[in-house]
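Residue numbers for the sequence shown, in our numbering: 118 to 618. Think of the CB as a built atom: it goes at the ideal place given N, C-alpha and C, for glycine as much as any other residue.
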Amino acid sequence: MRASGILLPVSALPGKYGIGCFSKEAYEFIDFLERAGQKYWQILPLGPTGYGDSPYQSFSTFAGNPYYIDLERLIEEGLLKKEECDSLNFGSDQSHIDYAAIYENRFMILKQAYLRFIKNMPDDYEAFNQENGFWLNDYALYMAIKNYYHDKGIDEWDQRIIKRDAERMNYYSIILHEQTEFYHFIQYEFFKQWRALKQYANQKGILIIGDLPIYAAYDSADTWSNPRLFQLDEEMKPIAVAGCPPDAFAKTGQLWGNPLYDWEYHQKTGYEWWIKRIQNCFALYDVLRIDHFRGFDGYYSIPYGQKDATNGEWKDGPGMELFEALKKSLGDKPIIAEDLGYLTDRIRELVRKTGYPGMKVIQFAFDSREESDYLPHNYEHHCVVYTGTHDNDTIKGWYQAISEADRKFSIDYMNNAGAAEDEIPWDFIRLAEASVAELCIVPLQDYLSKGSEARINIPSTLGGNWCYRFAKEELTEELEKRIRKMAKLYGRLPEGKSFSE
Numbered sequence: 118m119r120a121s122g123i124l125l126p127v128s129a130l131p132g133k134y135g136i137g138c139f140s141k142e143a144y145e146f147i148d149f150l151e152r153a154g155q156k157y158w159q160i161l162p163l164g165p166t167g168y169g170d171s172p173y174q175s176f177s178t179f180a181g182n183p184y185y186i187d188l189e190r191l192i193e194e195g196l197l198k199k200e201e202c203d204s205l206n207f208g209s210d211q212s213h214i215d216y217a218a219i220y221e222n223r224f225m226i227l228k229q230a231y232l233r234f235i236k237n238m239p240d241d242y243e244a245f246n247q248e249n250g251f252w253l254n255d256y257a258l259y260m261a262i263k264n265y266y267h268d269k270g271i272d273e274w275d276q277r278i279i280k281r282d283a284e285r286m287n288y289y290s291i292i293l294h295e296q297t298e299f300y301h302f303i304q305y306e307f308f309k310q311w312r313a314l315k316q317y318a319n320q321k322g323i324l325i326i327g328d329l330p331i332y333a334a335y336d337s338a339d340t341w342s343n344p345r346l347f348q349l350d351e352e353m354k355p356i357a358v359a360g361c362p363p364d365a366f367a368k369t370g371q372l373w374g375n376p377l378y379d380w381e382y383h384q385k386t387g388y389e390w391w392i393k394r395i396q397n398c399f400a401l402y403d404v405l406r407i408d409h410f411r412g413f414d415g416y417y418s419i420p421y422g423q424k425d426a427t428n429g430e431w432k433d434g435p436g437m438e439l440f441e442a443l444k445k446s447l448g449d450k451p452i453i454a455e456d457l458g459y460l461t462d463r464i465r466e467l468v469r470k471t472g473y474p475g476m477k478v479i480q481f482a483f484d485s486r487e488e489s490d491y492l493p494h495n496y497e498h499h500c501v502v503y504t505g506t507h508d509n510d511t512i513k514g515w516y517q518a519i520s521e522a523d524r525k526f527s528i529d530y531m532n533n534a535g536a537a538e539d540e541i542p543w544d545f546i547r548l549a550e551a552s553v554a555e556l557c558i559v560p561l562q563d564y565l566s567k568g569s570e571a572r573i574n575i576p577s578t579l580g581g582n583w584c585y586r587f588a589k590e591e592l593t594e595e596l597e598k599r600i601r602k603m604a605k606l607y608g609r610l611p612e613g614k615s616f617s618e
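Next up, the structure:
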């Protein structure tokens, strides 16, 4: 079934209190998707973010981001007062997220809500804690200890608690009991609000595409509570870390710094942790995009302490064995394999064996020097096409920056010489929508003909990323009708079976 959707981080939604969240604006965006003839809303990872604000460097692979809790809903429930929220500074620019201001004030106001919450806890609160205890207890204690150490990284804690010494664990559990319970409350509110939002989307015929980062962060509850899962030494330091080798885009490669998995240990456990992780994802999303899929075939290992990624080496990942274990335990699940970048025959074969659709990105197609797999005439039906991802510039910004030769190539390919500047993104959207790809996903910024100022992320840079927000008035009736017309024209209106069925 052909279909289309829009890529938009939750953080980019408009609304009060500094950052997009599970507020009425999220529900209104779902209404917009329905009226615009879209079937999918693709988001970025929902985990709590740390230094750098990247959703791909989270304090937990299971927990939710406190920033996405709708404060207005807490006001309605009597846990907060409007004047309390309005008195705090969450940033002055509604089009740009001020993470420093949010960090300073969001936890403060949530703590006030928690103090009221514990006076009259709902009946389902204890059940939530028990159901999620396998990750929630460690996460809550980890965050409480982190706060105790003034939010310093795990490598700056007392060695005894880093290594989970039983005496120190008991000590911190006692003295930080209230702070630990506070983090239980945050997760309860997050998941309650998210599930209500997802249920609303599904009732409207909109399916959610979630995003799974392949790696866990070093400074996370995952590495602290399950060190055996990772390549760590006796001092809990990484032996090697993740990244990408040097290429035409990065002369010294990309040094991500995430600890690598001990795949031999995962194999011995029957990939139990991965099964729980994927199972948890499908309790939250309808479809799952797995980031950096090639890392399951082979991963780039960089010795810990290196300043860049030039001295790494490729090592074998778990391959098809992991996905066979997942399918045996969970059945067939609708998964999208992010198979971008340099692909070997082995990774192509792994994607083929899993049966998961891979990704095509229109921006990668127009290299005038060579034929590209990303040109639409080379697509197979079973794939997902994007005009760009969260790591790409907007179409407008990208088009302004490419070479004259590449621009001429795109003009010849699409026969769009003389197109108006704001219409250029729509030419590329049309190219993606008209392709044979089963699913077409377009970032909202491209529909809005935004330039580089609306870019979500520039890879391998720190600061200034993940800050974009659109304005409520930009979702006009005219835009809605134009998106729907495009979906109808190319047979992508949501009728019949969905991509995830």
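(1) Taking 8 Å as the threshold, find out whether the stretch 425-433 comes into contact with the stretch 392-404 through three or more Cβ pairs.
(2) Three or more C-beta pairs under 8 Å: does that hold for the stretch 554-569 against the stretch 496-507?
(3) Is the Cβ-Cβ distance between LEU556 and VAL501 less than 7 Å?
(4) TRP311 and GLY181 look like a contact to me (Cβ under 8 Å); what is the Cβ gap, rounded to whole Å?
(5) Looking at C-alpha atoms only, which residue of GLU430, PHE413 and ASP414 is the closest neighbour of TYR421?
(6) Could you give the distance in angstroms between the alpha-carbon of LEU460 and the alpha-carbon of GLU591?
(7) Quick one, are the C-beta atoms of ALA536 and ASP544 less than 7 Å apart?
(8) Looking at the secondary structure, which residues open and close the beta strand (DSSP E) in which ASP210 lies?
(9) Whose C-beta lies closer than 6 Å to the C-beta of GLU618 among residues of the same chain, with five residues either side of it excluded?
(10) What are the boundary residues of the alpha helix (DSSP H) that includes CYS398?
(11) Expressed to the nearest angstrom, what Euclidean distance is found between the alpha-carbon atoms of GLY613 and ARG547?
(12) Report yes if the C-beta distance between ASP408 and ARG463 is below 7 Å; otherwise report no.
(13) Restricting to Cα atoms, I'd like to know which of TYR564, ALA283, ILE292 and GLN316 is closest to ILE147.
(14) Can you name the start and end residues of the beta strand (DSSP E) that VAL502 belongs to?
(15) Between the Cα of PRO611 and the Cα atoms of ARG411, GLY154, LEU447 and SER128, which residue gives the shortest distance?
(16) Quick one: using the 10 Å Cβ neighbour count with 16 as the cut-off for buried, is ASP187 buried or exposed?
(17) To the nearest angstrom, how far is the alpha carbon of TYR184 from that of TYR231?
(18) How far does the beta strand (DSSP E) with ARG406 in it reach, from first residue to last?
(19) Can the beta-carbon of SER622 be found less than 7 Å from the beta-carbon of PHE176?
(20) Do you know how far the Cα of MET286 is from the Cα of LYS141?
(21) In the DSSP assignment, find the alpha helix (DSSP H) that holds MET476 and state where it starts and stops.
(22) Which residues mark the beginning and the end of the alpha helix (DSSP H) in which ASN222 is found?
(23) Taking the CB atoms as reference points, tell me whether GLY135 and ILE219 lie closer together than 7 Å.
(24) Which of helix, strand or coil does DSSP assign to PRO560?
(25) Pull the bridge partners of TRP431 from the DSSP assignment, please.
(26) Look up LEU372 in the DSSP assignment and say whether it is helix, strand or coil.
(27) Which residue marks the beginning of the beta strand (DSSP E) containing ASP328, and which one marks its end?
(28) Does DSSP put VAL358 in a helix, in a strand, or in coil?
(29) From ALA578 to GLY169, what does the alpha carbon distance come to, in whole angstroms?
(30) Can you tell me which residues form a DSSP beta bridge with SER175?
(31) For GLY412, name the three-state secondary structure that DSSP assigns.
(32) Are GLY122 and LEU130 close, meaning C-beta to C-beta below 7 Å?
(33) ARG609: buried (16+ other C-beta within 10 angstroms of its C-beta) or exposed?
(34) Would you call ALA365 buried or exposed, if buried means 16 or more other Cβ atoms sit within 10 Å of its Cβ?
(35) By DSSP's criteria, ILE123 is part of a beta bridge. Which residues make up the other side?
(36) Is it the case that the stretch 249-264 contacts the stretch 296-304, given that we only count it when at least three CB pairs across the two stretches are under 8 Å?
Taking the coordinates as given:
(1) no
(2) yes
(3) The residue labelled residue 556 in the question sits at position 439 within the sequence shown. The residue labelled residue 501 in the question sits at position 384 within the sequence shown. Cβ distance < 7 Å, so LEU556 and VAL501 count as in contact.
(4) Your numbering for residue 311 matches position 194 in the sequence shown. Your numbering for residue 181 matches position 64 in the sequence shown. Yes, TRP311 and GLY181 are in contact; Cβ-Cβ is about 6 Å, under 8 Å.
(5) One-based indexing of the sequence shown puts residue 421 at position 304. Of the listed residues, the one whose Cα sits closest to TYR421 is GLU430.
(6) For the purposes of this step, residue 460 is taken as the residue at position 343 of the sequence shown. For the purposes of this step, residue 591 is taken as the residue at position 474 of the sequence shown. LEU460 and GLU591: Cα-Cα distance of roughly 38 Å.
(7) The sequence position of residue 536 within the sequence shown is 419, counting from 1. The sequence position of residue 544 within the sequence shown is 427, counting from 1. Contact flag set, yes.
(8) The sequence position of residue 210 within the sequence shown is 93, counting from 1. Run containing ASP210: none; DSSP gives neither H nor E here.
(9) Within the sequence shown, residue 618 is the residue found at index 501, counting from 1. Reliability fails at GLU618, whose pLDDT of 48 lies under 50, so the model's placement of it is uncertain and the value that follows must be treated cautiously. Around GLU618: no qualifying Cβ.
(10) Residue numbering aside, residue 398 sits at position 281 when the sequence shown is read from its first letter. From DSSP, the alpha helix (DSSP H) with CYS398 extends over 389-401.
(11) On the sequence shown, position 496 is the one that residue 613 refers to. On the sequence shown, position 430 is the one that residue 547 refers to. Confidence is the limiting factor: at GLY613 the pLDDT is only 48, short of 50, which leaves the residue's position unreliable, though a coordinate-based value still follows. Their backbone Cα atoms lie some 23 Å apart in a straight line.
(12) For this step, residue 408 is matched to residue 291 along the sequence shown. For this step, residue 463 is matched to residue 346 along the sequence shown. No.
(13) Position 30 of the sequence shown holds residue 147. That would be GLN316, whose Cα lies nearest to the Cα of ILE147.
(14) Taking the sequence shown and counting its residues from 1, the one referred to as residue 502 is at position 385. Taken as a continuous stretch (DSSP letters only), the beta strand (DSSP E) holding VAL502 covers 500-503.
(15) The count along the sequence shown starts at 1 and reaches residue 611 at position 494. It is GLY154 whose Cα lies nearest to the Cα of PRO611.
(16) Residue 187 sits at position 70 when you count from the first residue of the sequence shown. So ASP187 counts as buried.
(17) Counted from its first residue, the sequence shown places residue 184 at position 67. Counted from its first residue, the sequence shown places residue 231 at position 114. C-alpha separation (whole angstroms): 15 Å.
(18) Translated into positions along the sequence shown, residue 406 becomes position 289. Here the beta strand (DSSP E) through ARG406 covers 404-407.
(19) Residue 622 falls outside the range modelled here, since the chain spans only 118 to 618, and no answer is possible.
(20) For this step, residue 141 is matched to residue 24 along the sequence shown. For this step, residue 286 is matched to residue 169 along the sequence shown. The straight-line gap from Cα to Cα measures roughly 41 Å.
(21) Stepping through the sequence shown from its first residue, residue 476 is reached at position 359. Segment 475-478 is the beta strand (DSSP E) holding MET476; no alpha helix (DSSP H) there.
(22) In the sequence shown, residue 222 corresponds to position 105, counting from 1. Run containing ASN222: 216-234, per the alpha helix (DSSP H) assignment.
(23) The residue labelled residue 135 in the question sits at position 18 within the sequence shown. The residue labelled residue 219 in the question sits at position 102 within the sequence shown. Yes, Cβ-Cβ distance for GLY135 and ILE219 is below 7 Å.
(24) Here residue 560 is taken as the residue at index 443 of the sequence shown, counted from 1. Strand at PRO560.
(25) As a first step, residue 431 must be located in the sequence shown, where it is residue number 314. According to DSSP, which records beta bridges pairwise, TRP431 is partnered with TYR417.
(26) The sequence position of residue 372 within the sequence shown is 255, counting from 1. Correct three-state label for LEU372: strand.
(27) Translated into positions along the sequence shown, residue 328 becomes position 211. Looking at the DSSP string, the run of the beta strand (DSSP E) that includes ASP328 is 324-329.
(28) Working through the sequence shown from its first residue, we reach residue 358 at position 241. Three-state DSSP puts VAL358 in a strand.
(29) In the sequence shown, residue 578 corresponds to position 461, counting from 1. In the sequence shown, residue 169 corresponds to position 52, counting from 1. For clarity, residue 578 is Thr in the given sequence; the question names Ala instead. Those two C-alpha atoms are separated by around 9 Å.
(30) Residue 175 sits at position 58 when you count from the first residue of the sequence shown. THR166.
(31) To locate residue 412, count along the sequence shown from 1; it is residue 295. Helix at GLY412.
(32) Taking the first residue of the sequence shown as position 1, residue 122 is located at position 5. Taking the first residue of the sequence shown as position 1, residue 130 is located at position 13. Against a cut-off of 7 Å, the Cβ pair of LEU130 and GLY122 comes out as no contact.
(33) Reading the sequence shown from its first residue, position 492 is the one you call residue 609. When all chains shown are included, ARG609 counts as buried.
(34) Along the sequence shown, one-based indexing puts residue 365 at 248. ALA365 comes out exposed.
(35) Position 6 of the sequence shown holds residue 123. ILE123 pairs with TRP158 and VAL559.
(36) Result yes; three or more Cβ-Cβ pairs closer than 8 Å.
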